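Here the structure is laid out as structure tokens; the discussion comes afterwards.
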Amino acid sequence: MSEEQQFTELERLRLAKLEALRQQGNDPFPPRVERSHTTAAAIAAFEAGGEQPLLATIVGRIRSMRLMGKLAFAHVEDGHGRLQLFLRADDLGAENLQHFKDYYDLGDFVEAQGEMFRTKAGEVSLNVKALRMIAKALTPLPAAKDEIVDGEVVRHATLADPETRYRQRYADLAVNPQVREVFKMRAGILRSLREFLDQHDFLEVETPVLQPVYGGAAARPFVTHHNQLKQDLYLRISFELYLKRLLVGGLERVYEIGRDFRNEGVDRTHNPEFTMLEFYMAYADYRRVMEFTEEMLRYVGRQVLGGSKLSYQGHEIDLGNAWPRITIADAVHEFAGIDISKYPDVNSLAAVMKDKGYKVRVGGSRGKLIEDLVGDHVEPRLIQPTFLYDYPREVSPLAKSQPGDPSTVERFEGYMGGFEICNAFSELNDPLDQQARFEEMGRSLKAGDEDLHPMDEDYLRAMRYGMPPNGGFGMGIDRITMLFTDQPNIREVILFPHLRRREDE
RNA sequence: GGUCCCGUAGCUCAAUGGUAGAGCAGUUGACUCUUAAUCAAUUGGUUGAAGGUUCGAGUCCUUCCGGGAUCACCA
36 MSEEQQFTEL
46 ERLRLAKLEA
56 LRQQGNDPFP
66 PRVERSHTTA
76 AAIAAFEAGG
86 EQPLLATIVG
96 RIRSMRLMGK
106 LAFAHVEDGH
116 GRLQLFLRAD
126 DLGAENLQHF
136 KDYYDLGDFV
146 EAQGEMFRTK
156 AGEVSLNVKA
166 LRMIAKALTP
176 LPAAKDEIVD
186 GEVVRHATLA
196 DPETRYRQRY
206 ADLAVNPQVR
216 EVFKMRAGIL
226 RSLREFLDQH
236 DFLEVETPVL
246 QPVYGGAAAR
256 PFVTHHNQLK
266 QDLYLRISFE
276 LYLKRLLVGG
286 LERVYEIGRD
296 FRNEGVDRTH
306 NPEFTMLEFY
316 MAYADYRRVM
326 EFTEEMLRYV
336 GRQVLGGSKL
346 SYQGHEIDLG
356 NAWPRITIAD
366 AVHEFAGIDI
376 SKYPDVNSLA
386 AVMKDKGYKV
396 RVGGSRGKLI
406 EDLVGDHVEP
416 RLIQPTFLYD
426 YPREVSPLAK
436 SQPGDPSTVE
446 RFEGYMGGFE
456 ICNAFSELND
466 PLDQQARFEE
476 MGRSLKAGDE
486 DLHPMDEDYL
496 RAMRYGMPPN
506 GGFGMGIDRI
516 TMLFTDQPNI
526 REVILFPHLR
536 RREDE
């Protein structure tokens, strides 16, 4: 490909400047740089030191320029803030100022040395005595202007097209400071979850991503192949069955934070790969796990929000209170107007749903219909943190049955902001019951084929050695991050979300 | 996968079926306290792609590509 085709007109202009710098003996990408202060530290040191002389060498990216005859201003941004450069012919030398005007562009990384001072307009700035290019930007950043309104940087005409933002996240991050904040918050959430679990004697573990048998959730997997072993492998759809093997092995409290992969539709709350937290807690039941969940999210709120309140899409959500606990039966009764105890079989339930004008899936079990009722009529109403509990047995093959009610299991889901954020149960630890459930599930799935799950014989063998009673828990990190950062779309909290490949990639 | 909406300059956006434009960025010039600097001039387009209707298409139609919303799917 020729240079003409490879570069845009704007890029070719910058390429010429880069070449000119090289001709003059200035490496536009030097291997080492000097930095005495971050921009924020330089400003803080100047403010703290009264008006004492303060020499500083700062580095960063040029975000704005205002060029005059014998004077120029520029703002440089680094990871900590921004600092105005003041370049005056008298101090820098007329030739050096001209050099700056001729060869430096928005987006370039520079190293600037000088003395801190306050401009007539009152802004703490660096009176530059020496300036050096440390990384030339060939492509202009897709942003225009900064404005300071009440101390906040407002960026005008910035990159807004979601497709470009996701495909070129580097440009999005470089240009949209609020996007950087989302991912700092995400890191804070992960950090505080680990802190909380570590403080409660949990052991962080790592289990296989490539699995010979997938399980622990209902989803189609991605399939791959190991050449030497001549064996198909699946990217995990959950960690559950591996983590519970560890309880058999005597690890009482374990957790894993990692990636799950599900070969399903992509939408506002689903990405094919997503980050999950699962923990398993020996000798706890699902009620203990509910309390623990409340504590854990309260802790995260304190650490990353500094309190218990958050705002999600116009709703005020408070993590500080005990979460209301509603059985599935009561919730469906209240929000969908159906008393499911009166409809003990799939046909009668389907009939009453039809009477009420609700959509009824074909071939669904009674449990599946109840889940649909929850999804359509209950879930969207659960803005404040809420636990729904006691789920239908046939949609929960890994959960322990409710004593005295074989139709439900000890399972709960946590809801917030109108969607599901976590799923937990008193884990089934009876190997014979588990085998029966797998077989039952195998039969019902065989009818609809597609999602036929192979039975995990090794998991059953592990259970036969004896698994302590335990409570297990899973939570989508992406959705929690959506809530904490007030983002309506999961792609906004995933650095490089999955998009269809384009021809030019 | 179904339905609806969108794709115009590097970025943000205009343009009754009738000459493709503006602001910012860029380029040239002026300017020693600017901060969306200002002032003057100016470059930049296969309107996502390919067909079709029409005297004439950014605009209407078809197909395709990509994105968004929504539904379906996600025990």
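Numbering (the numbering used here), first residue to last: 36 to 540. Yeah, the Cβ is synthetic: ideal placement off N, Cα and C, and Gly gets one too. As the structure is a prediction and not an experimental result, all values here were calculated from the model.
Residue i - DSSP class collapsed to helix/strand/coil
i, result
"H368", "helix"
"N382", "helix"
"L90", "strand"
"A222", "helix"
"R204", "helix"
"H260", "strand"
"D484", "In this prediction, D484 scores a pLDDT of 42, lower than 50, which makes its location untrustworthy; no coordinate-derived value is stated."
"I418", "coil"
"T328", "helix"
"L463", "coil"
"Q437", "strand"
"P197", "helix"
"G336", "helix"
"F473", "helix"
"S346", "strand"
"N131", "helix"
"F42", "coil"
"I361", "strand"
"M451", "strand"
"V528", "helix"
"E69", "coil"
"A254", "coil"
"D491", "coil"
"A497", "helix"
"G116", "strand"
"L141", "coil"
"L278", "helix"
"I373", "coil"
Strand pairing of residue i, partner residues [DSSP]
i, result
"I97", "V111"
"Q148", "T92, A165"
"H305", "D302"
"V159", "R153"
"T310", "R294"
"T443", "P427"
"L122", "A107"
"Y315", "V289, G507"
"L270", "L245"
"E351", "S346"
"L102", "A107"
"L534", "For L534, which the question treats as bridged, DSSP gives no partner whatsoever."
"E239", "Y290"
Residue from the options whose Cα sits closest to the Cα of residue i
i, options, result
"I525", "N306, L384, Q266", "N306"
"K171", "G507, P66, N131", "P66"
"T74", "M151, N61, G104, E46", "M151"
"V339", "T154, L122, L518, L106", "L518"
"R360", "G60, K136, L120, M451", "M451"
"Y315", "R229, R221, G506, P441", "G506"
"F64", "A459, E146, Q41, V528", "E146"
"K105", "G142, F231, N131, Q119", "N131"
"Y205", "Q419, R255, G142", "G142"
"L278", "L89, Q87, N464", "N464"
"L45", "L176, L423, L89, F135", "L176"
"F422", "F508, V301, I97, V240", "F508"
"L530", "K52, L122, R333, Y201", "Y201"
"E329", "L228, I373, G60, A253", "L228"
"R123", "G114, Q133, H115, G116", "Q133"
"D126", "V387, I375, S99, L161", "L161"
"R167", "V430, M331, R57", "R57"
"A497", "L276, A107, R96", "L276"
"K164", "K136, G128, L194", "G128"
"F135", "A109, V244, R294", "A109"
"I363", "L345, G341, F327, D407", "D407"
"K155", "F121, G149, I169", "F121"
"G410", "I169, D513, G449", "G449"
Whole-angstrom C-beta distance between residue j and residue i, which should lie under 8 Å
i, j, result
"Q119", "E158", "5 Å"
"P420", "L354", "6 Å"
"G336", "S343", "5 Å"
"R428", "S436", "6 Å"
"V283", "G501", "7 Å"
"R294", "L238", "That belief does not hold up - the Cβ atoms of R294 and L238 are roughly 20 Å apart, past 8 Å."
"R280", "D140", "That belief does not hold up - the Cβ atoms of R280 and D140 are roughly 57 Å apart, past 8 Å."
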